[in-house]
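Peer 1:
There are 4 protein chains.
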Amino acid sequence: MPPIRVAIAGATGYAGEELIRLLLNHQHVRLTYLAASAKWERSTSVSEVFPRFAGRLDLPIESLDPARLAASADAVFLALPHGESMRLVPSLLKAGKRVIDLAGDFRLRDPSLYPQWYAFDHAAAEWLSRPEVVYGLSEFHREEIQRAKLIANPGCYATSVLLACLPLFAAKLVEGDQILVDAKSGFSGAGRKPELAADMAENLRPYKVNHHQHMPEITQEIHQMTGRTSRMAFVPQALSIERGLISTLFIKTRAPLEAVAEAYRVCYTPEGAPFVTVRVGSFPQLRDVVETNDCQIGLSYDAAMELLIVMSALDNLTKGAAGQAIQNFNLMHGFPETTALR
Amino acid sequence: MPPIRVAIAGATGYAGEELIRLLLNHQHVRLTYLAASAKWERSTSVSEVFPRFAGRLDLPIESLDPARLAASADAVFLALPHGESMRLVPSLLKAGKRVIDLAGDFRLRDPSLYPQWYAFDHAAAEWLSRPEVVYGLSEFHREEIQRAKLIANPGCYATSVLLACLPLFAAKLVEGDQILVDAKSGFSGAGRKPELAADMAENLRPYKVNHHQHMPEITQEIHQMTGRTSRMAFVPQALSIERGLISTLFIKTRAPLEAVAEAYRVCYTPEGAPFVTVRVGSFPQLRDVVETNDCQIGLSYDAAMELLIVMSALDNLTKGAAGQAIQNFNLMHGFPETTALR
Amino acid sequence: MPPIRVAIAGATGYAGEELIRLLLNHQHVRLTYLAASAKWERSTSVSEVFPRFAGRLDLPIESLDPARLAASADAVFLALPHGESMRLVPSLLKAGKRVIDLAGDFRLRDPSLYPQWYAFDHAAAEWLSRPEVVYGLSEFHREEIQRAKLIANPGCYATSVLLACLPLFAAKLVEGDQILVDAKSGFSGAGRKPELAADMAENLRPYKVNHHQHMPEITQEIHQMTGRTSRMAFVPQALSIERGLISTLFIKTRAPLEAVAEAYRVCYTPEGAPFVTVRVGSFPQLRDVVETNDCQIGLSYDAAMELLIVMSALDNLTKGAAGQAIQNFNLMHGFPETTALR
Amino acid sequence: MPPIRVAIAGATGYAGEELIRLLLNHQHVRLTYLAASAKWERSTSVSEVFPRFAGRLDLPIESLDPARLAASADAVFLALPHGESMRLVPSLLKAGKRVIDLAGDFRLRDPSLYPQWYAFDHAAAEWLSRPEVVYGLSEFHREEIQRAKLIANPGCYATSVLLACLPLFAAKLVEGDQILVDAKSGFSGAGRKPELAADMAENLRPYKVNHHQHMPEITQEIHQMTGRTSRMAFVPQALSIERGLISTLFIKTRAPLEAVAEAYRVCYTPEGAPFVTVRVGSFPQLRDVVETNDCQIGLSYDAAMELLIVMSALDNLTKGAAGQAIQNFNLMHGFPETTALR
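Residue numbers (the numbering used here), protein chains in the order written: chain V, 48 to 389; chain C, 48 to 389; chain Y, 48 to 389; chain X, 48 to 389.
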C-alpha cells in the first residue's frame, strides 16, 4: 500500500512540531509539505528550525500556500492559530482531502458562539453542522470519525475534562447541572508565542477564569450526550513547565463509588479505549503521562458530601493535541488506533 | 531596649532557614542559639550549612539540647517535624519563655484528632485548650496573640484557605456547609526531606487528597467562628517549584458580589491587615507574593451558579510559615506587625 | 539628614525592579520618579506592574521624560537598554546629578569599540575618558567611585570574571596572556524581553560565543591593572532559571596555591570587601548567592598542569547589576557600603 | 527470526527506565526479566513503578537473582551502581551471554585505577584487558564491538568529551597535552538517589571538580589513539533540569579551521556515524538533543589564540547511557545501528 501523503500547516508551532515528531514514526505516512503561518518569509529547512530532526526529514518549511497545500497531500493537519483554518477548510474538503483541524474553528456547532468565545465571526458557518464534520474526541465518537471528512480536534482542556466526566453523564449519575473544574496546563498549551519568559519561570498563573474558549465545547458535548444544559466553573492556570495538564473536577453524585467506577469501566475498556486508564482511590501525576498519548483518570468519593473528585492527567501536546489528531487520522484511514502513538 | 534573645530549634529546615533570613533583619532580635534536630551529629557553623549567611551570623548549629534551648533565649521558635515540639513546649512555658511553634502539635484543640491526622498520641494534651495557647492566624486573633505564651502557627494550606474564606463565614454569606479546595504548593511545603529529585522535576503531583493534616485546623477555625460544622473536599498538589502556594476555593453563596467584596474589605483593612490584599475580578499569580509575607486574594462570582471562586496566593515559607511566625512574635512583643517583614 | 531623592529610568526591566526592591529598604533614599522606556504609553501604578510592591510604594510608572528625570531627583539610576543612556547622561551631569548607569554606554574608554561590540556609534564619546566617569567595580575602584559623578556599572559577566581574576593579575601571577572562561547565567541577564518561553524551559543555550559585549570591558580592566593586553575565550550560556551566574576560569600560573590564595586574601579583606568570599579547594553553587549581593569565589590548583581553576558565583541582578549599583551609590554618598544590601 | 531475550538488571534507575522505554520499540527484542538492585523487597509490577508503561509491558520487577538473570535472557543490560556488575559479569560471560554494562566496572584497563577513582578494589581484574571486553564508544570501536562479548558502556561525560576531541587527536592536530573541560549535566546523571530536592531546584552546582570518575576513561582512550599521555582539567556541574549534558572543551591547535573541520568530517560521515552532527561556527543547545540518541558538536576557532572551542551536547540518559548501550547491542547482533533509536 502506498503511504498517505500528509501535509502540515502550522508546522513551526508546538503542535506542529509534535505532529512531525510522531508522524516520522508512522509507517503509512509520508510527509510531503510543511507550511508555517503566512508570516513566514522564506523557505527554511526543517533542521534549521528543529535541529533534532536533522538527517531524518529533508523538507523545507515554507510559507503557507493554499493551492500547494491541497495539491501536495491526501490528508492535511491544520495546526494554525484560531480563525485561520475556517478560510482553508472548504476548498480542501471540496478537493476531496481529509482534514484534521487542531484549532477551535469547527468545534462549536452554533456559529453565534464564535464572536463571544473566539472574538471572530465565522467565515464558514454553513460547515459547522454538516455530518462529515465531527468533533474528534476519539473515545466517544469512534464511528463518526471513521466516516468523517473533517475532524475538529478537541481542545486540550476539553479533552481532559470530557474524558473525566462523560462516563458519569452517560450513566446519568450526575446530580444537578454544575461541574467545577480547576485545571493546570504546561505553558505550551497557549501556543508558541513570544512571552515574557519571566512570567513562566517559577510561577503558577491563573488566566481566563470562567471565560476560556474550551468551555463551550465541553458543555456542547455534555448537552449532546444528556440533552441537558450544564453550567461550568472553570479555573485554568499556566504552570511554569512546558508540557502536561491535570484537571480536578468536583462533581455531585449520589451513586456509590462502585457504581461510579463501573460507569468509567464501561466507557473505557482496554480494547475500546487503549489510551485511557482509570484508577479508583489514587490519582495520576503529570510524569505518568508526559510524552505519551495516555489519559489517566483517578477517582475519590466522599459519601457524606455526595461528592466525587475526579483528576484527569494527559500531555496537552499529545493526547491534548497532536496525538489525538493522529489517533483520529488512524481511525479515518482504518489503521490500528495506536499506530505511531506507542 | 536590649534585644530579645531568640533561639531556633529546627534551624536547618526550610522554615528554620527562612526564620534566620528574616530575623537577621529584625532590629530587636539577637539570635543566640540554633539547633538542628536530634540527629545532627556535631556542631557546625551556620555558613557551612547556609553559605549565604557567611559573614552575617557567627553561631554554630548544634544538636538540640532542651536545657540550652531554654537557657539561651527569651523567645523560642520551634520549626521541628510534627510530634517533637509537644515534648519541648511544657518545660519552655514553665520557664517563662514565649514560644512560637511552627509544627502542628498545638493547632488542634481536641487531642483525639491527633492519632487520625498526625499518627501520634498527643504527649501534652492538657495544654491544647489552655487560654495562653493561641492559634496564630494573625489577622483573626490579633488580641489573643498579644497575650499568648504559645503560638500554634497555622499550616501553610490552612493560612491560605482560611484567609480566603473566613470573611465570608464571618458575614454569614456561605450557603450550605461545604468548601471545595484545589491547592498547589511548592515542594518546600513538605519540609526538607531527602526525596527523589525526579519526582519534583517538571511535575505536578497530587498527594494526601482528602486526608491532609491541615484540614482539621481549617474546619476547627470555621467552627469557632460560626458554630457550624463544615465539610471540606481538599486536593493538595506539589508543584515542581520550591516556593509559593495558591488555593482555589469554590464556595456557594447567594449574596451579590458587592456584598461579598464588602465582607472581605471589612476584615482586611489596610491598617488592620497590612499583609492581605483583595482584588475583585482578577486573580493573583505566584510571582506576586513569593518571598513576601503577603497574601493576595482574588474573587469572581457567577450569579447563575450562585458560586464564588476565591483564589488565595502566598509564599508557603513566609506567610505560610516563618513570616507569619515573626508577625506573631511582633504582636506578642508589641513591635509593629511588619517589623523585619518588609 | 533629608533623604536623597532618587529616580529610576527603566523601572520596568529586571534591573529596575531589583533596584526598587532594594531601595525600598534604603533608609536614606526616597524614590521620586519611576520611568519606563520611551515606548511606555501611559502612566501606571507600580502595583499594577509589580503587585508585590502594592502598599509599599505609591508612585506611577511614567514614560521617560528627560526634563522630569533631572528635576525630580538628586541621584539617577539608568537601567535602560544599551544605547539610550548616552543621550541622557550629559545633561544630567551638567545639571549636577549623580548618575549610575547600568547599561554599557560608558564602560569602554575607547569610543571606536562601540560599533563593533554594541552596534552603535557613540553619541557622547567625549565623556568616556573623563575622570568623573568611573567604571564601578566597587572592590577595585572604591576611591574613584567616592569622587565620581557618573558610574559605569559593570556588566554581570564582567563583574563575575574580573572579581575572579584581578587579584591574580594584581599579584603578577598570571602566566601568558590568555584567560579562558565558560560562564552560565540565568535568563534574566538578557533583560526582560519577549522571548519564546520554550527556549528557556529545561534548556542550556550557548550564545554570543567569543563576541559578547562584556569581553572588552574585561580586557580593558586587565590592561589598566597590568598594562598588558590579554586575550579571552568566552563561552556565555543561558540557563533555564531566572537568576544567578557562575563563571569557570582556566588560568595559567606557576605560583603555588598558597601564593595564589594569598593574592586573593590581600584583595578581599573582610573590611575592604564585605561582599566577596574566597574559598580554597571548594566551589560555590548558585544557591549560595542568589538574591544576595555576594560574590563567592572558589579556587583549585593543579601543579602538574600549572593551571588554576577559579569559579565565581553571584546573582546577576544583584551584585551583577542593581546591587552593585547601590553599593556604588552608597560609596558616592558616604553611606556604609552594605546599606540596603544586607 | 525469534526475538532476542533481554534482561535488565537495575531496571528502576534512570538508565533502566530509559532502556525499557527504548527497548519496547525494538522489533527484535523481547524483555524477559527486570531486576532491581538487591534491596528491592518484593516483586512489583512495572506499571506500579512506572505508570507510563501500563498496558505495554506485563512483567514484574524483582529482586536481582543472578541465576535467573542468566537463565532468562540471551543478552543482559546491567544498569547497576558502580561496583556491582564486576561480581555478575564473569558468570554471565561463562554462560555465553552477551552483556552490556552501563556502570564503570569494566571501562578502565588498569585495575590499579579503581581504588583511586571508584573507591573499590576490582573483583574481576583479570577480565579488564581481555579482547572480548570492549569500551563501547560506538563511533570509534564499531568493529571490536561487533565481536565483543562484554561492552563497557562509556560514561555520559566521557562520551560527550571523547566525541568532541578524538577526531582532533586522530588527525594529530592537538598542540600540547592538555584538555580543559567545563561540563554541565542534568541531575539524572548522578543516578536515581534520594537527594535534597532543594539542591536541585533553581541551581547550578559544581561537584567532583578534577576528581570525577569519568576522567581516567577519557585519558585512556586518548592514550590508546595517540600513544600520548594527556592531562585534563575537568569541572562537572549539575543543572537543575533532569536530562541533557553539554561540555565545553578548550583545545590548543595551530591547524586552520578548515583542517580542523575536515578532521571531524572524516570521523563522522553520515553513513558511519548516523547520530553525530558537526557544525562549524555555531553551537548546539540542550533542546536540540534531549530525548534523542544524537550528539551535536559545534566548533569555533580563534587563530590569534591558537585555540579551538568545541561544544558537545547529548542526552545523558540516551547517547550518554541507555541509547548508546542499545546502539552497541545493535552492533553486536548485526541489526541496523539505529534500530529503536529513531
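For each residue, glycine too, the CB sits at the ideal point set by N, CA and C.
Note that the structure is a prediction, hence the values are computed from the model and not measured.
Under 8 Å, Cβ to Cβ, is there at least one residue of chain V near ALA117/Y?
Peer 2: Chain V contact via Cβ: absent.
Peer 1: Suppose contacts are defined by Cβ-Cβ distances below 8 Å. Is ALA117/C in contact with ALA83/C by that definition?
Peer 2: Not closer than 8 Å, so no.
Peer 1: ASP229/C touches chain Y at which residues, Cβ-Cβ below 8 Å?
Peer 2: Here the premise fails: no neighbours, minimum Cβ distance about 22 Å.
Peer 1: Starting from GLN343/X and walking both ways along the beta strand (DSSP E), at which residues does that stretch end?
Peer 2: Counting along the chain, the beta strand (DSSP E) containing GLN343/X begins and ends at 342 to 349.
Peer 1: Give the residues of chain X in contact with ILE288/C, contact being defined as C-beta atoms less than 9 Å apart.
Peer 2: In chain order: ALA248, GLU249.
Peer 1: So, helix, strand or coil for TYR80/Y, using DSSP?
Peer 2: The answer is strand: DSSP assigns TYR80/Y an E or B state.
Peer 1: Would you be able to state if there are at least three C-beta pairs under 8 Å between the region 87 to 101 of chain X and the region 363 to 377 of chain Y?
Peer 2: With a cut-off of 8 Å, the region 87 to 101 of chain X and the region 363 to 377 of chain Y do not count as touching, because too few Cβ pairs lie within range.
Peer 1: Reducing DSSP to helix, strand and coil, say where PHE376/Y ends up.
Peer 2: Reduced to three states, the DSSP call for PHE376/Y is helix.
Peer 1: State buried or exposed for GLY57/C, treating a residue as buried only when at least 16 other CB atoms are found within 10 Å of its CB.
Peer 2: Buried, since its Cβ has 16 or more Cβ neighbours within 10 Å.
Peer 1: Taking DSSP as the reference, what is the three-state secondary structure of MET279/Y?
Peer 2: It is a strand residue.
Peer 1: How many Å lie between PRO107/Y and GLY60/Y at the Cα?
Peer 2: Using only the alpha carbons, I get a separation of about 15 Å.
Peer 1: When the Cα atoms are used, what is the spatial distance from ALA122/C to LEU213/C?
Peer 2: About 30 Å.
Peer 1: By the DSSP assignment, the alpha helix (DSSP H) with TYR182/Y in it spans what residues?
Peer 2: No alpha helix (DSSP H) holds TYR182/Y; the beta strand (DSSP E) holding it covers 180 to 182.
Peer 1: With a threshold of 7 Å on Cβ separation, who are the neighbours of GLU222/X within its own chain once the five nearest residues in sequence on each side are excluded?
Peer 2: LYS299, THR300, ARG301, GLU353.
Peer 1: Comparing alpha-carbon positions, which option in LEU355/X, LEU127/X, TRP164/X lies nearest THR295/X?
Peer 2: The shortest C-alpha separation from THR295/X is found at LEU355/X.
Peer 1: SER138/Y: buried (16+ other C-beta within 10 angstroms of its C-beta) or exposed?
Peer 2: It is exposed - the Cβ of SER138/Y has fewer than 16 other Cβ atoms within 10 Å.
Peer 1: So what does DSSP say about ASP148/X, is it helix, strand or coil?
Peer 2: In this structure, ASP148/X counts as strand in the three-state DSSP scheme.
Peer 1: With distances taken between CB atoms, is the gap from ASN340/X to ILE198/X smaller than 8 Å?
Peer 2: No, they are not a contact pair.
Peer 1: From this set, ALA101/X, ALA211/X, LEU155/X, GLN343/X, which residue's C-alpha is nearest ALA171/X's C-alpha?
Peer 2: Selected option, being the one with the closest Cα: LEU155/X.
Peer 1: Please compile the residues from chain Y whose C-beta is within a distance smaller than 7 Å of the C-beta of PHE297/X.
Peer 2: Result: LEU227, ALA280, PHE297.
Peer 1: Out of curiosity, what's the CA-to-CA distance linking GLU289/Y and SER287/X?
Peer 2: Cα-Cα distance, rounded: 12 Å.
Peer 1: For LYS299/Y, does the three-state DSSP call read helix, strand or coil?
Peer 2: If DSSP states are grouped into helix, strand and coil, LYS299/Y belongs with the strands.
Peer 1: Show which residues of chain X have a CB atom less than 8 Å away from the CB atom of ILE293/Y.
Peer 2: Under the 8 Å cutoff, chain X gives LEU251, PRO253, GLN284.
Peer 1: By the criterion of Cβ-Cβ separation under 7 Å, what are the contact partners of ASP349/X in chain Y?
Peer 2: Correct list: ASN257, ALA280.
Peer 1: Would you say LEU361/X lies against chain Y (beta-carbon separation less than 8 Å)?
Peer 2: Chain Y contact via Cβ: absent.
Peer 1: Just to make sure I have the definition right: I need the residues of chain Y whose C-beta is within less than 7 Å of the C-beta of MET352/X. Which are they?
Peer 2: Those within 7 Å of MET352/X in chain Y are GLN225, ARG278, ALA280.
Peer 1: Count the other CB atoms within 10 Å of the CB of PHE124/X; is the residue buried (16 or more) or exposed (fewer)?
Peer 2: By the neighbour-count rule (16 or more Cβ atoms within 10 Å), PHE124/X is buried.
Peer 1: Taking the straight line between their C-alpha atoms, what separation do you get for LEU111/C and ALA248/C?
Peer 2: C-alpha separation (whole angstroms): 33 Å.
Peer 1: Of all the options ILE293/V, ILE344/V, GLY63/V, which has the alpha carbon lying nearest to the alpha carbon of TYR315/V?
Peer 2: If we check each option's Cα against that of TYR315/V, ILE344/V comes out closest.
Peer 1: Give the straight-line distance between the Cα atoms of ALA217/C and ASN250/V, rounded to the nearest whole angstrom.
Peer 2: So the two alpha carbons sit approximately 32 Å from each other.
Peer 1: Spell out whether any CB of chain X is found under 8 Å from the CB atom of PHE124/Y.
Peer 2: With 8 Å as the cut-off, PHE124/Y does not count as an interface residue toward chain X.
Peer 1: Considering only the beta carbon of each residue, do ILE265/C and ALA205/C sit closer than 8 Å?
Peer 2: For ILE265/C and ALA205/C, yes; Cβs fall inside 8 Å.
Peer 1: Following the continuous beta strand (DSSP E) through GLN332/C, name the residue where it begins and the one where it ends.
Peer 2: Note, GLN332/C: premise wrong, no beta strand (DSSP E); not H, not E.
Peer 1: If you draw a straight line from the C-alpha of SER176/Y to the C-alpha of TRP164/Y, how long is it?
Peer 2: Whole-angstrom Cα-Cα distance: 18 Å.
Peer 1: Which residue wins for smallest C-alpha separation from ALA306/V, given the options PHE297/V, LEU149/V, SER347/V, ASP157/V?
Peer 2: Nearest of PHE297/V, LEU149/V, SER347/V, ASP157/V to ALA306/V, Cα basis: SER347/V.
Peer 1: Quick check on DSSP: helix, strand or coil for SER391/C?
Peer 2: Because chain C is modelled from 48 through 389, residue 391/C falls outside the range shown and cannot be assessed.
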